[in-house]
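As structure tokens, the structure follows; a few thoughts come after it.
In our numbering, the protein residues as written are 669 to 881.
Dropping the structure here:
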């Protein structure tokens, strides 16, 4: 496939690019700051662009099969996330490329707590409420959209650098945990799940989640 990755220089984005290249896809890695292009895995076509620019989104997704967005706003600028998502949805509705969104975990329902989501729990870290709300708004925008071909992937509670095992478990709207009770997955295996969905779409216009097996 021809894949464009926004946020390609980020922690998740770099691993998504690496996984896609390993599967012999043609990857266009988009960075806002050219100085960060050196962190992108070799083999990708580096392009400068901004996911909040409709012109950039249309230009960089034209002729592509898939766009993956792994962008994350800086601290204090969390409000930019739903803005970027809105632009991506509008742009891809024009070009017809599919959209895979690297989302957040905070909107997942807590097992056994009814409709209570992770960010609604009393002990949810105050410093993460800004990005949690931004991710909630991001997901709401996707669910309200009927023009773009989107999929939203929420990680478990912990998404950290680690080992690529190539295995994981799937879920829908409820927070998942491993056998030891920890809700976590490596960024490497998260990228595997994302590319598996890219190659074999099973969650079009819906949200799903994953956890380490």
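The C-beta atom is built at its ideal place from N, Cα and C for all residues, glycine as well. Only a predicted model underlies this, so the values are computations on that prediction, with no experimental measurement involved.
According to DSSP, is residue i helix, strand or coil?
i           : result
residue 784 : coil
residue 734 : strand
residue 807 : helix
residue 720 : coil
residue 850 : coil
residue 683 : helix
residue 706 : helix
residue 688 : helix
residue 746 : coil
residue 678 : coil
residue 759 : helix
residue 792 : coil
residue 771 : coil
residue 797 : helix
residue 817 : coil
DSSP puts residue i in a beta bridge; with which residues?
i           : result
residue 837 : 879
residue 694 : 670
residue 715 : 698
residue 831 : In the DSSP output, where bridge partners are listed per residue, residue 831 has none listed.
residue 766 : 734
residue 822 : 877
residue 777 : 785, 842
Where residue i and residue j are concerned, what is the direct C-alpha to C-alpha distance, given to the nearest angstrom?
i           : j           : result
residue 770 : residue 877 : 10 Å
residue 858 : residue 690 : 15 Å
residue 731 : residue 750 : 25 Å
residue 713 : residue 812 : 32 Å
residue 862 : residue 768 : 8 Å
residue 699 : residue 717 : 6 Å
residue 761 : residue 755 : 10 Å
residue 682 : residue 783 : 34 Å
residue 726 : residue 832 : 33 Å
residue 753 : residue 838 : 24 Å
residue 796 : residue 864 : 29 Å
residue 793 : residue 680 : 22 Å
residue 702 : residue 781 : 45 Å
residue 798 : residue 807 : 14 Å
residue 873 : residue 791 : 31 Å
residue 687 : residue 860 : 7 Å
residue 844 : residue 778 : 9 Å
residue 800 : residue 841 : 15 Å
residue 745 : residue 881 : 34 Å
residue 696 : residue 715 : 7 Å
residue 720 : residue 757 : 11 Å
With residue i and residue j assumed to form a contact (beta carbons below 8 Å), what rounded beta-carbon distance in angstroms separates them?
i           : j           : result
residue 773 : residue 822 : 5 Å
residue 672 : residue 729 : 6 Å
residue 854 : residue 824 : With a Cβ gap of about 11 Å, residue 854 and residue 824 do not count as contacting.
residue 759 : residue 722 : 5 Å
residue 655 : residue 819 : In the structure displayed, the chain extends from 669 to 881; residue 655 sits before or after that span and is not available.
residue 803 : residue 775 : 6 Å
residue 830 : residue 740 : No, residue 830 and residue 740 are not in contact; Cβ-Cβ is about 18 Å, not under 8 Å.
Are the region 726-739 and the region 781-794 touching by the rule of at least three beta carbon pairs closer than 8 Å?
-> no
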